[in-house]
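This note's numbering numbers the first residue of the sequence shown as 9 and each following residue consecutively. Positions of the beta carbon are idealized from the N, C-alpha and C atoms, including for glycine.
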Amino acid sequence: MQRLIDAFFNSVRAFRKLAASEKAFQQELMLLVLALPLGWFVSTSWRGYALLIGAVLLLIMVEVLNTGIEAACDAISHEFHIDIQLAKDCGSLAVLISVMIVAGVWGIALIERITGLPI
Numbered sequence: 009m010q011r012l013i014d015a016f017f018n019s020v021r022a023f024r025k026l027a028a029s030e031k032a033f034q035q036e037l038m039l040l041v042l043a044l045p046l047g048w049f050v051s052t053s054w055r056g057y058a059l060l061i062g063a064v065l066l067l068i069m070v071e072v073l074n075t076g077i078e079a080a081c082d083a084i085s086h087e088f089h090i091d092i093q094l095a096k097d098c099g100s101l102a103v104l105i106s107v108m109i110v111a112g113v114w115g116i117a118l119i120e121r122i123t124g125l126p127i
């Protein structure tokens, strides 16, 4: 049980650090704050709502992992290294793919809501 408690406090510490200093994380938190009520009006079902919010949470999760990759790389070296650049670029690509997933899920939900046709 102590491991779970320690993990929780580690997570809270990371959340506070990212919320205070990482612009991308702050923007994605604001997106989540907007998505929570907006998703209720856009979705046509509870499952749809869960998918809309889940997509945004996925984006936040990938951003957190990307920030962790960048922090680990910076802890190793601030000098240019091709492998470090690849690691950071891959993290950035993962965030971009997550953004595309969010845009696709929300786009389909909006089309479904506007047209009234299930897609």
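Exposed or buried, which one is SER51 when buried takes at least 16 other CB atoms within 10 Å?
buried
ILE109 versus LEU125, LYS96, GLU87 and LEU67, residue with shortest Cα-Cα distance
LEU67
Verify whether the separation of the beta carbon atoms of THR75 and GLU36 is less than 8 Å.
no
Return the chain-ordered list of same chain residues with a C-beta closer than 8 Å to the C-beta of ALA111, the five sequence neighbours on each side being excluded.
none
Enclosing alpha helix (DSSP H) for LEU42 [first to last residue]:
31-50
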